[in-house]
Amino acid sequence: MDQLSARVGSSLYLELEIEDALDVREFSVDDGLNSLFSVEIEAVSSNPAIDFEELVGTTASFHVELNAAKYPTMRRRSWSGVISEAHLLRSEVGGLTAYHITIAPKLWLLTRRTNCRVFQQMSDLDVAKEVLTDAGLEVVDECTASYKPRKYRVQYQETDFAFVCRMLESAGITYYFRGKDGASELVLSDAPERGEERGSSLEYADSPDPNTIRATRLRASRAITSGTISVSDHDHRLANRPLVASTALSKQVAETKLEEFIYRPGWFRYGGDGPKDTPSADDRGRTRTDLREAQRLADQLGAAAMARARRTSFDSNALDLAPGLCLQIGSHALSERMGKLLVTRTSVTGAHDSEAHVSVQAVQTTSPYRPEMATPQPTIPGIETATVVGPAGEEIHCDEFGRVRVQFHWDRYGTMDEMSSCWVPVNQPWAGGGIGAINIPRIGQEVMVGFLGGNPEEPMILGRMFTNLLRPPYRLPEQKTINGFKSQEMGGGGGKNELHFEDSKGSLRMYRHAGKNEDTETVENRTEWVGKNRSSQIDENRSSAIGGNDKKQVSGNETEAIQGDQKHSVLGDKIGSVLGNLLSMAGGERIMQTIGGMVSNALSHTLESMVSTTLKVGASTITITPESIVINSPKILLNPGDAAAQGASLNGGSQGGGQ
Numbered sequence: 022m023d024q025l026s027a028r029v030g031s032s033l034y035l036e037l038e039i040e041d042a043l044d045v046r047e048f049s050v051d052d053g054l055n056s057l058f059s060v061e062i063e064a065v066s067s068n069p070a071i072d073f074e075e076l077v078g079t080t081a082s083f084h085v086e087l088n089a090a091k092y093p094t095m096r097r098r099s100w101s102g103v104i105s106e107a108h109l110l111r112s113e114v115g116g117l118t119a120y121h122i123t124i125a126p127k128l129w130l131l132t133r134r135t136n137c138r139v140f141q142q143m144s145d146l147d148v149a150k151e152v153l154t155d156a157g158l159e160v161v162d163e164c165t166a167s168y169k170p171r172k173y174r175v176q177y178q179e180t181d182f183a184f185v186c187r188m189l190e191s192a193g194i195t196y197y198f199r200g201k202d203g204a205s206e207l208v209l210s211d212a213p214e215r216g217e218e219r220g221s222s223l224e225y226a227d228s229p230d231p232n233t234i235r236a237t238r239l240r241a242s243r244a245i246t247s248g249t250i251s252v253s254d255h256d257h258r259l260a261n262r263p264l265v266a267s268t269a270l271s272k273q274v275a276e277t278k279l280e281e282f283i284y285r286p287g288w289f290r291y292g293g294d295g296p297k298d299t300p301s302a303d304d305r306g307r308t309r310t311d312l313r314e315a316q317r318l319a320d321q322l323g324a325a326a327m328a329r330a331r332r333t334s335f336d337s338n339a340l341d342l343a344p345g346l347c348l349q350i351g352s353h354a355l356s357e358r359m360g361k362l363l364v365t366r367t368s369v370t371g372a373h374d375s376e377a378h379v380s381v382q383a384v385q386t387t388s389p390y391r392p393e394m395a396t397p398q399p400t401i402p403g404i405e406t407a408t409v410v411g412p413a414g415e416e417i418h419c420d421e422f423g424r425v426r427v428q429f430h431w432d433r434y435g436t437m438d439e440m441s442s443c444w445v446p447v448n449q450p451w452a453g454g455g456i457g458a459i460n461i462p463r464i465g466q467e468v469m470v471g472f473l474g475g476n477p478e479e480p481m482i483l484g485r486m487f488t489n490l491l492r493p494p495y496r497l498p499e500q501k502t503i504n505g506f507k508s509q510e511m512g513g514g515g516g517k518n519e520l521h522f523e524d525s526k527g528s529l530r531m532y533r534h535a536g537k538n539e540d541t542e543t544v545e546n547r548t549e550w551v552g553k554n555r556s557s558q559i560d561e562n563r564s565s566a567i568g569g570n571d572k573k574q575v576s577g578n579e580t581e582a583i584q585g586d587q588k589h590s591v592l593g594d595k596i597g598s599v600l601g602n603l604l605s606m607a608g609g610e611r612i613m614q615t616i617g618g619m620v621s622n623a624l625s626h627t628l629e630s631m632v633s634t635t636l637k638v639g640a641s642t643i644t645i646t647p648e649s650i651v652i653n654s655p656k657i658l659l660n661p662g663d664a665a666a667q668g669a670s671l672n673g674g675s676q677g678g679g680q
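Residue numbering for the sequence shown follows our numbering, starting at 22 and increasing by one per position.
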């Protein structure tokens with residue numbers, strides 16, 4: 022649409038996109054560092070029913086024409102943005118209707134856009150610029166320092182404007198609006214105290230003079246503040262090391278005893294160069310505690326605190342004064358002490374038939390100017406659910422600390438893979454130095470996530486939950502009395518490991534299943550008690566190695582059935598004791614062989630065979646059959662007496678045989 026200009030008097034202009042002309046009667050402009058300017062205009066129009074649906078949201082510019090004699094280098098002051106509000110006020114004489122129009126910068130539109138989004142391995146400045154660029158805003162970046170990346174930044178149920186402000190405040194960067202060629206450009210600066218300076222000093226006078234540009238009603242203030250600001254963090258890599266950075270703000274006795282202590286998890290962790298001693302954890306960049314950045318944070322908070330404590334304000338008719346401009350005030354008793362001032366806020370008021378008035382707030386530039394960390398960070402007081410994610414083709418994706426990555430359900434930009442989040446710690450039932458219990462959530466599983474201090478940027482997995490896609494391992498509610506653990510073989514295999522407990526009344530049972538191998542180690546003693554029966558089935562082989570003794574006691578009977586062969590090897594003695602009878606049966610032959618002697622001692626001894634029995638010593642034999650007894654020996658002695666027997670033994674007996 023064509024832009025039309027409406028001029029009232031000789032100095033005020035309002036440019037609109039609609040065709041209805043509005044004549045400005047009076048206005049006020051509130052503008053400041055790290056804040057949105059607001060232009061409030063009361064104007065009249067010959068149209069008694071301007072269509073607000075066409076007006077609100079359109080671009081508009083308000084200009085105050087400047088006197089060339091007073092402002093040789095500036096033709097006019099301008100504020101350009103969008104019409105955020107419009108009100109019909111009243112009908113006036115002459116057929117005119119009064120309206121109230123509010124103009125806000127285009128950045129104001131971001132206060133009406135809420136989002137949930139994750140940024141990783143980006144500096145706070147880059148995060149802010151990306152959000153601004155995505156919103157179609159042009160940014161003039163005048164920052165000179167370098168900014169390290171942050172591991173994880175989260176926008177959670179937060180307006181884009183609040184999120185951008187929070188990122189800039191965290192980095193110590195100031196934003197403000199600068200008029201240029203009729204537009205209001207958005208400027209980012211990390212050193213506004215070294216920014217543009219007014220061409221000449223602004224002279225002070227006790228009373229205003231419409232014919233002379235001057236400062237009046239100057240007020241300097243000093244408020245008590247904390248003498249020390251200390252910031253603290255905790256890092257699991259430096260678990261036993263206190264992480265604190267402090268800055269002293271004042272030597273005033275009353276303030277030296279005052280300290281502001283701020284603890285915020287993850288505050289000191291930044292990306293940077295260095296050894297990647299945990300390559301899995303550092304797969305997307307190395308993030309560690311940076312104590313130099315910690316000190317910068319403390320100094321930044323200190324600078325903001327001193328800016329609050331030391332303030333200067335004054336009135337003026339100088340319309341070139343704007344936030345971000347540096348100037349000196351002359352002809353005042355405090356001029357030398359104040360030195361150069363940085364304008365932090367202005368309030369401009371005026372009307373078509375009167376001179377504009379400017380109220381100014383400023384700070385000294387003897388120390389760096391840093392914005393307050395005033396934008397609150399959204400918190401998540403409860404628990405969120407998320408899905409464990411990882412690279413395609415993997416089933417478990419974790420780092421050296423057992424952390425996993427997740428996709429939050431509110432993250433609509435996430436890609437459901439390892440890029441969806443930072444590494445998230447997993448709560449385990451027991452954790453210590455090389456000891457504890459561990460179960461790594463698998464990709465696709467649903468987890469419950471809490472947040473340290475409610476901080477969305479410090480997630481921690483607190484538990485797991487079943488879903489319709491991932492059902493419980495037991496059929497419920499039919500098997501509701503079972504408690505246990507059941508895992509599944511990786512790689513699509515059908516195997517499982519399981520330990521469960523059946524707690525139904527009268528049917529108590531513990532079940533243990535190893536999908537393949539089971540290894541048990543006991544360093545010293547192991548005791549096992551079975552109240553009734555025990556059965557064991559081994560489909561293949563069993564081996565047992567005992568380094569010491571093996572003792573077995575059977576109170577009842579023992580039955581052993583061996584389908585194949587049985588072999589015993591005893592390197593020492595073997596002693597058997599049977600209080601009752603001993604029966605030994607062999608389906609085939611039985612052979613007994615000793616290297617030494619063999620003694621059999623019994624009250625009575627019966628040898629019985631169906632065919633024959635043979636006793637053999639060397640060449641001598643005695644063979645007993647059902648029909649006969651055959652004795653065959655080189656010499657046979659019957660009742661020889663001890664001497665004869667000894668002689669026969671010594672002489673080897675006589676030659677030949679006999680019967």
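Just so it is clear, CB atoms sit at the ideal spot from N, CA and C, and this is done for glycine as well.
- Excluding the 5 residues flanking it on each side, Gln178 has same chain C-beta neighbours closer than 7 Å at Thr135, Cys137 and Pro399, in chain order.
- At a Cβ-Cβ threshold of 8 Å, Leu348 and Gln385 do not count as neighbours.
- Separation of the CB atoms of Leu43 and Ile122 is rounded to 7 Å, and the pair is thereby assigned contact status at 8 Å.
- For Leu87, same chain residues with a beta-carbon under 7 Å away, outside a window of 5 residues either side, are Met95, Arg96, Arg97, Arg98 and Leu340 in chain order.
- Our two residues, Ser654 and Asp571, have alpha carbons roughly 46 Å apart in a direct line.
- Counting along the chain, the unbroken alpha helix (DSSP H) around Leu76 starts and ends at Phe73 to Leu76.
- Here Val252 carries a strand assignment [DSSP, helix/strand/coil].
- In the three-state reduction of the DSSP assignment, Cys419 falls in the coil class.
- Burial is judged here by how many other beta carbons sit within 10 angstroms of a residue's own beta carbon; Asn504 has fewer than 16 and is exposed.
- Between the alpha carbons of Val45 and Phe198 lies a gap of roughly 23 Å.
- Residue Thr195 holds the alpha-carbon nearest to the alpha-carbon of Leu54 among Ser565, Ser247, Ala241 and Thr195.
- Sequence-distant Cβ neighbours of Leu279 in its own chain, meaning closer than 6 Å and more than five residues away, are Ser247 and Gly248.
- The beta carbons of Glu106 and Val77 sit about 7 Å from each other, so the pair counts as a contact at 8 Å.
- With respect to the C-alpha of Arg219, the residue from Ser251, Gly351 and Thr154 having the closest C-alpha is Gly351.
- The beta carbon of Thr396 sits closer than 7 Å to those of Ala183, Cys186, Arg187 and Glu190, all from its chain and outside the five residues before and after it, given in chain order.
- The alpha-carbon of Gly512 is positioned some 8 Å away from that of Glu416.
- Contact between Pro286 and Asp254 holds: CB atoms are separated by about 6 Å, below the 8 Å threshold.
- As a beta-bridge residue in DSSP terms, His108 pairs with His121.
- Contact check between the segment 298-311 and the segment 270-278: fewer than three CB pairs, one atom from each, fall below 8 Å, which does not count as touching.
- Of the residues assessed, Asn562 falls on the exposed side of the cut-off, its CB having fewer than 16 other CB atoms within 10 angstroms.
- For Ala640, the three-state secondary structure derived from DSSP is coil.
- Between Ala330 and Ala266, the gap from beta carbon to beta carbon reaches 8 Å or more.
- Annotation for Thr154: the continuous alpha helix (DSSP H) segment containing it runs Asp145 to Asp155.
- Taking every protein chain shown into account, the CB of Asp155 has fewer than 16 other CB atoms within 10 angstroms, so this residue is exposed.
- Boundaries of the beta strand (DSSP E) harbouring Gly471: Glu467 to Phe472, taken from the DSSP string.
- If only uninterrupted beta strand (DSSP E) runs of at least 3 residues are considered, those enclosed by the segment 328-360 are 331-337.
- In chain order, Arg426 and Val427 place their CB closer than 6 Å to the CB of Ser442, counting only its own chain and leaving out the 5 sequence neighbours on each side.
- Assigned with DSSP and collapsed to three states, Ala458 falls in strand.
- With 16 or more other CB atoms across the displayed protein chains lying within 10 angstroms of its CB, Gln321 is buried.
- Contact holds between the segment 458-467 and the segment 479-489, because three or more Cβ pairs, one in each stretch, are under 8 Å apart.
- Sequence-distant Cβ neighbours of Arg290 in its own chain, meaning closer than 7 Å and more than five residues away, are Lys172, Asp256, Thr308, Arg309 and Thr310.
- Burial of Gln176 is indicated by the presence of at least 16 other C-beta atoms within 10 angstroms of its C-beta.
- The beta carbons of Thr634 and Ile645 sit about 5 Å from each other, so the pair counts as a contact at 8 Å.
- Inside the segment 496-520, DSSP marks whole beta strand (DSSP E) runs of 3 or more residues at positions 503-509, from first to last along the chain.
- DSSP places Asp181 in the uninterrupted alpha helix (DSSP H) bounded by Asp181 to Ala192.
- By the criterion of at least three beta-carbon pairs nearer than 8 Å, the segment 363-381 is not in contact with the segment 446-453.
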